[in-house]
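So the sequences go chain by chain: G and W.
Under my numbering, think of the first position of the first sequence as 10, with each following residue one higher.
Under my numbering, think of the first position of the second sequence as 255, with each following residue one higher.
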Amino acid sequence: MQIAQSKTREQFPLSYRKIIKKTISSTIAYAILLLVIGGIITFTLGSAGQEAFSYLGITIVGFFGLLFVIFILTYLYQRWYFAVYFYDLTPDFIQIKKGPITPREITIPYERLQDVYVDQDLLDRFFGLYDVHLSSATASSGMEAHIDGVEKQSAEGLREILLETVKQRIGKNRFTNSPSPTTSPLS
Amino acid sequence: MDEIITEKNYPIKNIWLFKQIFPVLIILLIYLFIFIGIGNGAELGASAVFMFFPFLLIFALVFCIPIIIRVLQRSNFHYSLDQHFMVLHQGIISKQNRNVPYGRLQGVFVNQGLFDRIFGLASLTIEDFSDGGRSAMDAGGYVGSGKSRHEALGFVGNKIHIPGLKKSDAEALKEIILQKIKENPIEDSQSGL
């Protein structure tokens, strides 16, 4: 597995548990989808007077067989996704690139960063993973600009380094001795 | 870098026009395949040609209109990367001109869809945080939505789309724009916007 390595990814690596987590979450989603479709088919056949329940054994075997195939395919896809997941904090820009088949790449200047926030969903809690979001003000950057599936240490490290860089870049052009806005200049 | 970069340096490829009808073409081929497959069993008389004719007309329209629109859009879309501003022109009938300071750009995207990948293309999207001279309502809620439904050309809402670039061209253009952003920092960054 050739991993799209960058300085940042070396320093704050993605966790391999991310592959497992993603595989499990999408398999669950597919399982629910299959159950719904299966339910609809059973209902339709049942109302048409067919004896749907006589095929119960085949249905269950088919369901788990299909789910197993989906599991394997998703696992392979997620491995691939993991391998091409690229993020790099260059001196001037944040660059994130993901998607093995249809690559999407986003580049944001540090000055445009609105906030850095870290979150976990339920499966992330099980696996001890964190998502670091670093969006700018636009909606599409909010959708694209996040680094998913890093461990606690890396998440903290990324947060620190991002905030430090943003502070430096924004503070660069500020007047250091500007009067405090809360004190009136007349008093 | 004295030379001003324009759309002539990084042109939108002709194959991009073909890409617009490519999915329709595939569906049409499948459809024809099935239709002929069924027709084989029955007698194909002169009446079948008349049966086909309205379909052919519709298909011709389906193919031609988007391509004509795209060709006109493409020939009317101009950008130039000046010293301090990105100057854009577009509009087939009503003309629009937009001048974006580099320091205000929010992000640069390079995306490749499935068909882009097949044809070796990439689309470049640049975002700022204006609403492009019109309100979010006029833009059809475009500012709020993440992805565009159709692949746009030109500027809509807060986005500037340059699709159909060769992959290497898209990368090069991205680098140039990033360089310009770097050279033109915003002096007062109180708002962060």
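All C-beta atoms, glycine included, are put in the ideal place defined by N, C-alpha and C.
Are residue i and residue j closer than 9 Å when you measure CB to CB?
i: H343 (chain W); j: N330 (chain W); result: yes
i: S384 (chain W); j: N412 (chain W); result: yes
i: F369 (chain W); j: T379 (chain W); result: no
i: T106 (chain G); j: P100 (chain G); result: Here residue 106 (chain G) turns out to be Lys, not Thr, going by the sequence shown. For K106 (chain G) and P100 (chain G), no; Cβs fall outside 9 Å.
i: L171 (chain G); j: S145 (chain G); result: no
i: I435 (chain W); j: F102 (chain G); result: yes
i: F409 (chain W); j: Q327 (chain W); result: no
i: G418 (chain W); j: L375 (chain W); result: yes
i: L98 (chain G); j: T147 (chain G); result: no
i: I321 (chain W); j: I430 (chain W); result: no
i: R18 (chain G); j: Y94 (chain G); result: yes
i: E160 (chain G); j: G180 (chain G); result: no
i: P355 (chain W); j: N263 (chain W); result: no
i: F306 (chain W); j: L279 (chain W); result: no
i: I79 (chain G); j: T51 (chain G); result: no
i: P22 (chain G); j: L359 (chain W); result: no
i: E261 (chain W); j: I414 (chain W); result: no
i: F72 (chain G); j: G48 (chain G); result: no
i: I67 (chain G); j: R371 (chain W); result: no
i: Y333 (chain W); j: V341 (chain W); result: yes
Nearest-angstrom Cα distance between residue i and residue j?
i: L407 (chain W); j: G357 (chain W); result: 23 Å
i: G74 (chain G); j: I81 (chain G); result: 11 Å
i: I29 (chain G); j: E381 (chain W); result: 34 Å
i: Y139 (chain G); j: R352 (chain W); result: 40 Å
i: T32 (chain G); j: T83 (chain G); result: 6 Å
i: Y126 (chain G); j: I269 (chain W); result: 41 Å
i: I312 (chain W); j: E153 (chain G); result: 39 Å
i: F77 (chain G); j: F289 (chain W); result: 37 Å
i: Q177 (chain G); j: Q11 (chain G); result: 35 Å
i: Y96 (chain G); j: L65 (chain G); result: 48 Å
i: S24 (chain G); j: H142 (chain G); result: 16 Å
i: L286 (chain W); j: L335 (chain W); result: 47 Å
i: K428 (chain W); j: A13 (chain G); result: 20 Å
i: G446 (chain W); j: E257 (chain W); result: For G446 (chain W), the pLDDT reaches just 48, beneath the cut-off of 50, and the residue's location in the model is therefore unreliable, although a value from the coordinates is still provided. Rounded to the nearest angstrom, the two C-alpha atoms are 31 Å apart.
i: A424 (chain W); j: L54 (chain G); result: 53 Å
i: F276 (chain W); j: L282 (chain W); result: 10 Å
i: L85 (chain G); j: Y39 (chain G); result: 16 Å
i: F272 (chain W); j: I156 (chain G); result: 35 Å
i: A92 (chain G); j: F373 (chain W); result: 24 Å
i: R168 (chain G); j: G151 (chain G); result: 16 Å
i: K267 (chain W); j: I440 (chain W); result: 34 Å
i: E114 (chain G); j: N365 (chain W); result: 6 Å
i: Q433 (chain W); j: P265 (chain W); result: 20 Å
i: S1 (chain G); j: D128 (chain G); result: As displayed, chain G neither begins before 10 nor continues past 196, which places residue 1 (chain G) out of reach and without an answer.
i: S402 (chain W); j: A426 (chain W); result: A caution first: S402 (chain W) carries a pLDDT of 46, below 50, which makes its placement in the model too unreliable to give a value.
i: I323 (chain W); j: S149 (chain G); result: 26 Å
i: Q20 (chain G); j: G108 (chain G); result: 22 Å
i: G166 (chain G); j: D124 (chain G); result: 15 Å
Exposed or buried, which one is residue i when buried takes at least 16 other CB atoms within 10 Å?
i: G361 (chain W); result: buried
i: T116 (chain G); result: buried
i: S422 (chain W); result: exposed
i: K420 (chain W); result: buried
i: S348 (chain W); result: exposed
i: F44 (chain G); result: Reading off the sequence, residue 44 (chain G) comes out as Leu, not Phe. Its Cβ having fewer than 16 others within 10 Å, L44 (chain G) is exposed.
i: Q274 (chain W); result: buried
i: F309 (chain W); result: exposed
i: A314 (chain W); result: exposed
i: G224 (chain G); result: Since the first residue of chain G shown is 10 and the last is 196, residue 224 (chain G) is not available in this structure.
i: A164 (chain G); result: buried
i: E120 (chain G); result: buried
i: Q87 (chain G); result: buried
i: K27 (chain G); result: buried
i: L131 (chain G); result: exposed
i: Q104 (chain G); result: buried
i: L42 (chain G); result: exposed
Measuring from the CB of residue i, is there a heavy atom of the ligand FMN at a distance below 8 Å?
i: L85 (chain G); result: Within the structure as shown, the ligand FMN is missing, as the structure has no ligands at all.
Positions along the region 103–130 of chain G whose CB lies within less than 7 Å of some CB in chain W:
Listed in chain order, the positions of the region 103–130 of chain G with a beta carbon within less than 7 Å of a beta carbon of chain W are I110, T111, P112, R113, E114, I115, T116, I117, P118, E120, R121, Q123.
If the cut-off is 8 Å on Cβ atoms, which residues from the region 132–155 of chain G count as contacting chain W, listed in chain order?
S145, A146, T147, A148, S149, S150, G151, M152, E153, A154
Along the chain, which unbroken stretches of the beta strand (DSSP E) at least 3 residues long are found entirely within the region 115–156 of chain G?
126–128, 139–142
Which residues, in chain order, does the region 76–105 of chain G contribute to contact with chain W at a C-beta distance below 8 Å?
D101, F102
Mind listing, in chain order, the continuous alpha helix (DSSP H) runs of no fewer than 4 residues lying wholly within the region 10–67 of chain G?
16–20, 26–56
Return the chain-ordered ranges of every alpha helix (DSSP H) run that is complete within the region 357–385 of chain W and spans a minimum of 4 residues.
Assignment of alpha helix (DSSP H) within the region 357–385 of chain W, counting only whole runs of 4 or more residues, yields 368–373 in chain order.
Of all the residues that make up the region 420–442 of chain W, which are near chain G by a beta-carbon distance shorter than 8 Å?
K428, L432, I435, K436, P439, I440, E441, D442
Near-chain G residues of the region 371–384 of chain W - C-beta to any C-beta below 9 Å
From the region 371–384 of chain W, only R371, A376, T379, E381, D382, F383 have a Cβ closer than 9 Å to chain G.
For the region 300–341 of chain W, which segments carrying the beta strand (DSSP E) assignment without a break, of at least 3 residues, lie completely within its bounds, in sequence order?
Residue ranges of uninterrupted beta strand (DSSP E) with 3 or more members, entirely inside the region 300–341 of chain W and ordered along the chain, are 332–335.
Please list the residues of the region 331–355 of chain W that have a C-beta atom closer than 9 Å to any C-beta atom in chain G, keeping them in chain order.
none
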